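In this note's numbering, the protein residues as written are 15 to 956.
Written out as structure tokens, the structure reads:
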């Protein structure tokens, strides 16, 4: 449809419509292995706008597909029509009934819902591996289950009420009594047809029992036709048909879910077995002993994650036939959990273990074990051959036959030459996932996959009477085989449902019901070889919720999708689209990336898209730009002086002419030079570097490295001490002498250069700084403390850029952040004079990436305050050093959720962080004065 944006603008505001090439390309992929480029992406905000989109789609005969997080794996969140992005404006979460229920919209992230329920000791039933990024729209529309919930606590069985919009534009809620009669009157034909279909099913004993039997185990193949035998009212039947319907029957606007207990005590262990059959034999005894989770991993899957940091060393030494089970016992208290572990110990002699079971109840150790399991699918994607696609299948077998079924599957892997296939899954439910990788660049390769899948279908359905999709949804992947699994009569009922509810087939056509027997091998995703950072990514989307630019421009996944598309355009000699996409990528992909690296903390294979962006920025620099940057590094003291002078001049201009003078002036310049920094009301000049106390004969000594930001930028309130004086004062209270390097004005951690991709300037800076710190510390005798966490992270990670001589010096240095210094050196020695009642924290990005520093940050706060708020949405503020001055829209977008959360809470006595520029961004966005946590320590101690 030509000029679709113009027509869509008649029903939606222009800022809710995306039709630029970069948007269409980046939304063409989800976590699955299919790809379709939409004609437009829209971001509706209300049910009224959804209804208008339904009308538009019907009028113009353009398909409409809903997407929340895009972590679906079977091709159900892509389209060549209009893609409806629900991730921004549909994130309502409301806890009700003292935690017994929770009201959610489709854009709410599953883990955030659980975080709201946490204080009530409750959680939602579904617990998919992707829960940290998956949103409720997908969790409901795919009838998600997961690790522990089995069948009884999946989405279908934990829905209490649901509000939805049908393709005809009518909306109903099972929470509103009169809607039952209204549905009967307004949708009379559908109402009576649902009753007729129900009667057809229940009168046939054989079919009735078949449905009942199939849903005793996990099954997401086709529609949730168990609704016909579980409910009598047509509106209830329809509401439950929507669960697992993958957006093909209507739009779920809101749901009220029944919650389940989130047991406070958990004990987790990774058990190693001699072979896969031995592991499978242990499943039933472990389940009977009370294990809440029993997760199976074959040797190949363990191999895929054995190099991840913190993984148990034993994994690398396991024999080739080995397998593992990740088990977890849960209880209302430690005694209850221990009783279950004792039950395990009573059966352990029956298990063919390779080692003694070792349980942990330490949260971060448990989190690592679960990261191992949850990261297996993406981990395989990272180690696959470049240019190949990752295919994840999701099947279920009777538990008692699981070992035999796996042996048969492994036989198929060998037959079709899938040498690196892995198997893992929810063993307690007989639900396993297997991953294979291959390219789809030739007809022969496509046919290999088709033949393989045909045999898998035969094995699962005919030999073992299992489920072709246990929890990932039918999608496009299994649509051609729904009839194979369910039989002709039940499949015809499913077809009738689609025709009754969506007669024009404009909602997600081709998903679940598809007459094309080759749909599963059509529109396959191509993953061309591009570059190291890109090639490891298999587009799972786990990173997206961490990205500060996600609601402004792009996410890490979408940045990578575009890099791949650029490569395809290049190969196809499509110069026009290549040039257009490359130009759009400058702002969307490079300029608005904060390079904060938080994406790596959520990525199962530790991809830091910020590193990719830094490299691309580096490659974009001219020779002259690199030389200028190097000269600024060599004359850093003079450059700092110029910046101080410019800052002082701006402050003076505001004082003389008016407080908004510099803001208006820089705003005017930006009309001519868009990348010119915008003046902030938070800008102030730092006080002079104070005199140290190193000669006062105190017991311990540290070298204090006041960062260049702390040396230049100070507090708006001139009565404040400033971070440098605070550092000296809290050190004195702990009887610690402080040394400030004599040449500190020439020193920098190098972040200003590394973040912008100026390699030579960065290399020069860190070599100079490390060499001089070596001298100041007398060969590493004293620890070096930095007062900004991002600077600490930069300096502690600078070793690859150092010369051989300076690498040896670096290895002898102990470089720590001010947070570690406060926690380890100050807190144990100072006396508390008073405690704050309530305070708010913001953990900066670098803090979240440095091992254990986040726990220290919280511990410091709890030491000096009775109540500490750590916002759920405390992510990257988007400031990224100075990027927030250049692209203030990035910071504004990044801070929206955290701002709403903090501003809607109580009144607090203080707001603290550990990075000056982040504190400026937070103060600007939230309207409260964020300060260094050094201030908290100083205020509360004698």
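Note that the Cβ used here is the ideal one computed from N, Cα and C, for glycine as well. Fair warning: this is a prediction, and the values are worked out from it, not measured in the lab.
C-alpha gap between residue i and residue j, whole angstroms
| i | j | result |
| --- | --- | --- |
| residue 320 | residue 528 | 40 Å |
| residue 365 | residue 435 | 26 Å |
| residue 645 | residue 778 | 10 Å |
| residue 952 | residue 373 | 41 Å |
| residue 776 | residue 825 | 19 Å |
| residue 271 | residue 36 | 37 Å |
| residue 548 | residue 756 | 44 Å |
| residue 378 | residue 873 | 15 Å |
| residue 681 | residue 693 | 8 Å |
| residue 215 | residue 501 | 13 Å |
| residue 523 | residue 887 | 35 Å |
| residue 126 | residue 384 | 18 Å |
| residue 288 | residue 337 | 7 Å |
| residue 18 | residue 193 | 35 Å |
| residue 465 | residue 828 | 58 Å |
| residue 786 | residue 817 | 14 Å |
| residue 593 | residue 16 | 21 Å |
| residue 561 | residue 860 | 14 Å |
| residue 703 | residue 637 | 35 Å |
| residue 957 | residue 684 | Past the boundaries of the shown model lies residue 957; the chain is included only from 15 to 956, so the question cannot be answered. |
| residue 170 | residue 200 | 26 Å |
| residue 847 | residue 737 | 20 Å |
| residue 750 | residue 868 | 24 Å |
| residue 587 | residue 554 | 29 Å |
Option nearest residue i by Cα separation, candidates the options
| i | options | result |
| --- | --- | --- |
| residue 493 | 426, 479, 532 and 520 | 532 |
| residue 885 | 41, 388, 913 and 240 | 913 |
| residue 266 | 203, 145 and 64 | 64 |
| residue 243 | 264, 275 and 209 | 209 |
| residue 172 | 185, 180, 154 and 183 | 154 |
| residue 745 | 726, 801 and 166 | 801 |
| residue 543 | 560, 579 and 563 | 579 |
| residue 895 | 691, 862, 425 and 881 | 691 |
| residue 246 | 220, 229, 212 and 273 | 212 |
| residue 451 | 480, 423, 484 and 400 | 400 |
| residue 238 | 512, 411 and 388 | 512 |
| residue 837 | 876, 60 and 737 | 876 |
| residue 698 | 734, 716, 661 and 941 | 661 |
Run of the beta strand (DSSP E) containing residue i, from where it starts to where it stops
| i | result |
| --- | --- |
| residue 883 | 879 to 883 |
| residue 80 | 78 to 81 |
| residue 269 | 265 to 275 |
| residue 311 | 307 to 312 |
| residue 108 | 107 to 110 |
| residue 840 | Counting along the chain, residue 840 falls outside any beta strand (DSSP E), and DSSP gives it neither H nor E. |
| residue 856 | From DSSP, residue 856 is part of no beta strand (DSSP E); its letter is neither H nor E. |
| residue 750 | 750 to 753 |
| residue 445 | 445 to 452 |
Segment limits, alpha helix (DSSP H) that includes residue i
| i | result |
| --- | --- |
| residue 197 | 192 to 200 |
| residue 440 | Residue 440 -> not in any alpha helix (DSSP H); beta strand (DSSP E) instead, spanning 436 to 440. |
| residue 428 | 416 to 429 |
| residue 565 | Residue 565 -> no alpha helix (DSSP H), and no H or E assigned at all. |
| residue 130 | 124 to 131 |
| residue 824 | 818 to 826 |
| residue 624 | 623 to 634 |
Residues near residue i in its chain [Cβ-Cβ closer than 7 Å; skip 5 each side]
| i | result |
| --- | --- |
| residue 482 | 235, 409, 471, 474, 475, 492, 495 and 499 |
| residue 380 | 280, 282 and 374 |
Own chain partners of residue i with C-beta closer than 8 Å, once the 5 adjacent residues on each side are dropped
| i | result |
| --- | --- |
| residue 863 | 611, 612, 614, 615 and 807 |
Proximal residues to residue i (C-beta, below 6 Å), its chain only, five neighbours per side dropped
| i | result |
| --- | --- |
| residue 91 | 44, 81 and 84 |
| residue 567 | 602 and 606 |
Heavy atom of the ligand ZN within 8 Å of residue i beta-carbon
| i | result |
| --- | --- |
| residue 86 | This structure lacks the ligand ZN; in fact it carries no ligand of any kind. |
Stretch pair the stretch 249 to 261 + the stretch 103 to 122: three plus CB contacts closer than 8 Å: no
At least 3 beta-carbon pairs within less than 8 Å: the stretch 86 to 104 vs the stretch 116 to 131: yes
Three or more C-beta pairs below 8 Å linking the stretch 277 to 285 and the stretch 338 to 355: yes
contact_flag[the stretch 918 to 934, the stretch 838 to 856] where n(CB pairs < 8 Å) is 3 or more: yes
Touching by the beta-carbon criterion (3+ pairs, under 8 Å), the stretch 300 to 308 and the stretch 439 to 455: yes
The stretch 832 to 847 in contact with the stretch 936 to 951 per 3-pair CB rule at 8 Å: yes
Cβ pair count under 8 Å reaching 3, the stretch 155 to 166 against the stretch 226 to 235: yes
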